[in-house]
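In the working numbering, the protein residues as written are 89 to 243. Single-structure report; data block below.
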């Protein structure tokens, strides 16, 4: 019985090593400029794990408890907004949400003022950095809602 188990282990390990070697040899033979390793921005994961608790783009319109993050981005970034200005605005807002600071009075009217969140400054900066440079997922209902609320105004 031990002999059979030993043979099985050798066969499995041989198959594993063969597949691994094939993958490495394919990479080694490819053109290095074609091998691209894309690393996910850390702010994306932070936004998904922290902000999407309330701002989740997968939530139905009638069930959402806060505006989707794509709406936040649209209200806080214009053609003149720099990344530094946006990051500072998000940091300022997250440290002390207030009606006076908000650029989304309709969202406050609908959802109320966002409660203070206990996120470290670095976390908020990473999320804002990601939001500024990347397309944010829209809920399936967002474009229709936006048009109903804002007409044909550009997003």
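Cβ atoms here follow ideal geometry from the backbone N, Cα and C, with glycine treated the same way.
Quiz prompt | Close-in-space but distant-in-sequence residues of the same chain around residue 165 (CB under 6 Å, 5 per side omitted) | solution = As a working note, residue 165 is residue 77 in the chain shown. For residue 165, where only same-chain residues beyond five positions count, the Cβ hits under 6 Å are 174.
Exercise. Express the C-alpha separation of residue 202 and residue 196 in angstroms, rounding to a whole number.
Key: One-based indexing of the chain shown puts residue 196 at position 108. One-based indexing of the chain shown puts residue 202 at position 114. Answer to the nearest angstrom: the Cα atoms are 8 Å apart.
Quiz item: For residue 76, which residues from the same chain have a beta carbon less than 7 Å from its beta carbon, with the 5 sequence-adjacent residues on both sides left out?
Solution: An answer regarding residue 76 cannot be provided, because it is not within the stretch 89 to 243 covered by the chain.
Self-check item: Residue range of the unbroken alpha helix (DSSP H) whose run includes residue 150
Solution: The sequence position of residue 150 within the chain shown is 62, counting from 1. Careful: residue 150 lies outside any alpha helix (DSSP H) and carries neither H nor E.
Quiz item: Straight-line CA distance for residue 188 to residue 229?
Solution: Looking up residue 188 in the chain shown gives position 100. Looking up residue 229 in the chain shown gives position 141. The straight-line gap from Cα to Cα measures roughly 29 Å.
Practice problem: Starting from the C-beta of residue 184, find all residues in its chain whose C-beta is less than 8 Å away, skip the five residues before and the five after it, and write them out in chain order. | Solution: Numbered from its first residue, the chain shown carries residue 184 at position 96. The answer, listed in chain order, is 204.
Quiz prompt | Selected residue, minimal CA-CA separation from residue 136, among 194, 218, 236, 172 | solution = Within the chain shown, the letter at position 48 stands for residue 136. Comparing Cα-Cα distances from residue 136 to each of 194, 218, 236, 172, the minimum goes to 218.
Practice problem: Could you check the C-alpha separation between residue 115 and residue 235 for me, to the nearest Å? | Solution: The residue given as residue 115 occupies position 27 in the chain shown. The residue given as residue 235 occupies position 147 in the chain shown. Unreliable positioning characterises residue 115 in this predicted model, as indicated by a pLDDT of 43, which lies under 50. The coordinate reading is nonetheless provided below. Residue 115 and residue 235: Cα-Cα distance of roughly 48 Å.
Quiz prompt | Contact set for residue 143: own chain, Cβ-Cβ below 6 Å, skip 5 residues either direction | solution = On the chain shown, position 55 is the one that residue 143 refers to. Taken in chain order, the residues that qualify are 154, 156, 157.
Quiz item: On the three-state DSSP scale, how would you describe residue 207?
Solution: Residue mapping note: residue 207 aligns to position 119 of the chain shown, counting from 1. Of the three classes helix, strand and coil, the one that applies to residue 207 here is coil, per DSSP.
Quiz item: Helix, strand or coil for residue 111 per DSSP?
Solution: Locating residue 111 in the chain shown gives position 23, where the first residue counts as 1. Any reading at residue 111 must be qualified, since the residue scores a pLDDT of 39, below 50, and its modelled position is unreliable; the value itself is stated next. Helix at residue 111.
Self-check item: C-alpha distance - residue 146 paired with residue 152, whole-angstrom precision
Solution: Along the chain shown, read from residue 1 onward, the residue named residue 146 stands at position 58. Along the chain shown, read from residue 1 onward, the residue named residue 152 stands at position 64. Their Cα atoms are separated by approximately 9 Å.
Self-check item: Rounded separation between residue 190 and residue 181 - CA only
Solution: Position 102 of the chain shown holds residue 190. Position 93 of the chain shown holds residue 181. Those two C-alpha atoms are separated by around 7 Å.
Quiz prompt | Reference residue 216; option with closest CA among 225, 194, 200, 171 | solution = As a first step, residue 216 is located in the chain shown; it is residue number 128 there, counting from the start. The option with the nearest alpha carbon to residue 216 is 171.
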